[in-house]
Amino acid sequence: MQVRNVVRAMIAGLAATGGLAAAAPAGAPTLAALARIESGEWQFKALDSDAPPRSICIADARPLIQFGHGNAQCQHKVLVDDANVARVTYVCPGTGHGQTSVKVATQRNFNLETQGILSGAPFDEQYEARRVGDCAAGVARLK
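In the numbering used here, the protein residues as written are 1081 to 1223.
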């Protein structure tokens, strides 16, 4: 797999397995922009790809701040916390580090930019996410 596709592979894996039951990462901060994001089914579209969007069910938006690292135990540093933007850097001992920015346009639309190192490989991904409804059976879950 190409290094560039590390985070995309995680999203594809979520969609293929039909579910992820992970709690918000321990110590994940509550941020104003993330609190605006409605729970439900969301489609994530990679901004630099023609690949079809992937659906993920979001119950709690806090895991978005370390999107590439899942529910790894990480230390977070909040860089921006306002009603429209959350930007966080984080370090996950043993698995890597990253920086994520979530820009919330509305409760049903946001952009996610994430970059860093995961298991020794760099990643740099950008997504547009749109809420498409309530969570359906079989949709990957991000809690």
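Cβ atoms here follow ideal geometry from the backbone N, Cα and C, with glycine treated the same way. Predicted, not measured: the structure shown is a model, and the values here were computed from it.
Skipping 5 residues on each side, what residues in its chain have a beta carbon closer than 8 Å to that of residue i?
i            : result
residue 1212 : 1120, 1121, 1122, 1123 and 1135
residue 1112 : 1161, 1162, 1163 and 1166
residue 1092 : Per-residue confidence for residue 1092 stands at a pLDDT of 49, beneath the threshold of 50, marking its modelled position as unreliable; the derived number appears in the next sentence. Closer than 8 Å at Cβ, skipping near neighbours: 1134.
From this set, the options, which residue's C-alpha is nearest residue i's C-alpha?
i            : options                   : result
residue 1210 : 1126, 1109 and 1110       : 1126
residue 1227 : 1128, 1200, 1216 and 1148 : The question about residue 1227 has no answer, for the chain in this structure spans 1081 to 1223.
residue 1183 : 1145, 1170, 1132 and 1138 : 1145
residue 1115 : 1142, 1131 and 1157       : 1142
residue 1198 : 1206, 1216, 1214 and 1177 : 1177
residue 1206 : 1195, 1131 and 1219       : 1195
residue 1156 : 1132, 1216, 1110 and 1137 : 1110
residue 1204 : 1150, 1174, 1185 and 1179 : 1179
Report the partner residues of residue i according to the DSSP bridge assignment.
i            : result
residue 1148 : Residue 1148 pairs with nothing; no bridge assigned.
residue 1162 : DSSP, once it has assigned bridges, lists no residue as partnering residue 1162.
residue 1176 : 1172 and 1198
residue 1155 : 1171
Excluding sequence positions up to five away, which residues of its chain have a Cβ less than 7 Å from the Cβ of residue i?
i            : result
residue 1118 : 1187, 1188 and 1211
residue 1133 : 1123, 1124 and 1125
residue 1208 : 1125, 1127 and 1191
Since residue i is in the alpha helix (DSSP H), which residue starts that stretch and which ends it?
i            : result
residue 1131 : Unbroken run through residue 1131: none, as it is neither H nor E.
residue 1112 : 1112 to 1115
Quick check on the DSSP output: the beta strand (DSSP E) that includes residue i runs from which residue to which?
i            : result
residue 1201 : 1201 to 1213
Does the ligand ZN have a heavy atom nearer than 7 Å to the CB of residue i?
i            : result
residue 1151 : Among the components modelled here there is no ligand, and therefore nothing to report on the ligand ZN.
Excluding the 5 residues flanking residue i on each side, which residues of the same chain have their C-beta closer than 6 Å to its C-beta?
i            : result
residue 1181 : 1167 and 1193
residue 1251 : Past the edges of the chain, shown from 1081 to 1223, lies residue 1251, and the structure says nothing about it.
residue 1137 : 1121, 1215, 1219 and 1221
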